[in-house]
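In this text, residue positions in the sequence shown follow UniProt numbering: the first is 1, and each later residue adds one.
Here's the structure, in structure tokens; my notes come after.
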Amino acid sequence: MREPDHSSGPPAAGHAVYGISVAAELSGAAVQSLRLFERHGLVTPARSEGGTRRYSSNDIDRIRRITDLMKSGINLAGIDRILELEDDNAELREANGR
Numbered sequence: 001m002r003e004p005d006h007s008s009g010p011p012a013a014g015h016a017v018y019g020i021s022v023a024a025e026l027s028g029a030a031v032q033s034l035r036l037f038e039r040h041g042l043v044t045p046a047r048s049e050g051g052t053r054r055y056s057s058n059d060i061d062r063i064r065r066i067t068d069l070m071k072s073g074i075n076l077a078g079i080d081r082i083l084e085l086e087d088d089n090a091e092l093r094e095a096n097g098r
């Protein structure tokens with residue numbers, strides 16, 4: 001009896017598979033914005049062996065969060081601090097859950 005094929009589902013949330021143009025389309029942000037976010041350290045996509053950016057579903061969610069904060073009038077430095085605090089908070093919650 002054969003094992004079921006699980007390879008046809010969506011990629012895992014942390015698995016970087018999307019190129020920059022697909023990531024831009026999925027997130028609703030411009031390609032130039034994704035490059036800007038990377039330069040400011042707000043998102044760090046994985047890189048292929050050839051150096052091509054590869055975004056994960058987690059990266060797409062983070063980009064959406066960044067663009068929502070920008071629409072609220074928060075500058076990139078403020079967004080960086082907010083994301084840092086949110087990440088720290090998530091780590092603390094995870095640690096408390098253990």
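Where a beta carbon is used, it is the ideal one built from N, C-alpha and C, also for glycine.
Which of helix, strand or coil DSSP assigns to residue i
| i | result |
| --- | --- |
| ALA46 | strand |
Distance between residue j and residue i (C-alpha atoms, nearest Å)
| i | j | result |
| --- | --- | --- |
| ARG91 | LEU85 | Residue 91 is actually Glu in this sequence, not Arg. Each residue's alpha carbon lies about 10 Å from the other. |
| ILE82 | LYS71 | 14 Å |
| ALA30 | ALA24 | 6 Å |
| GLN32 | GLU94 | 34 Å |
Nearest-angstrom Cβ-Cβ length linking residue i and residue j, presumed shorter than 8 Å
| i | j | result |
| --- | --- | --- |
| ARG39 | SER48 | In fact, because the Cβ distance is near 19 Å, the residues do not count as touching under 8 Å. |
| ARG62 | VAL43 | 5 Å |
| THR52 | GLY19 | 7 Å |
For residue i, the residue or residues it bridges with in DSSP
| i | result |
| --- | --- |
| ARG53 | ARG47 |
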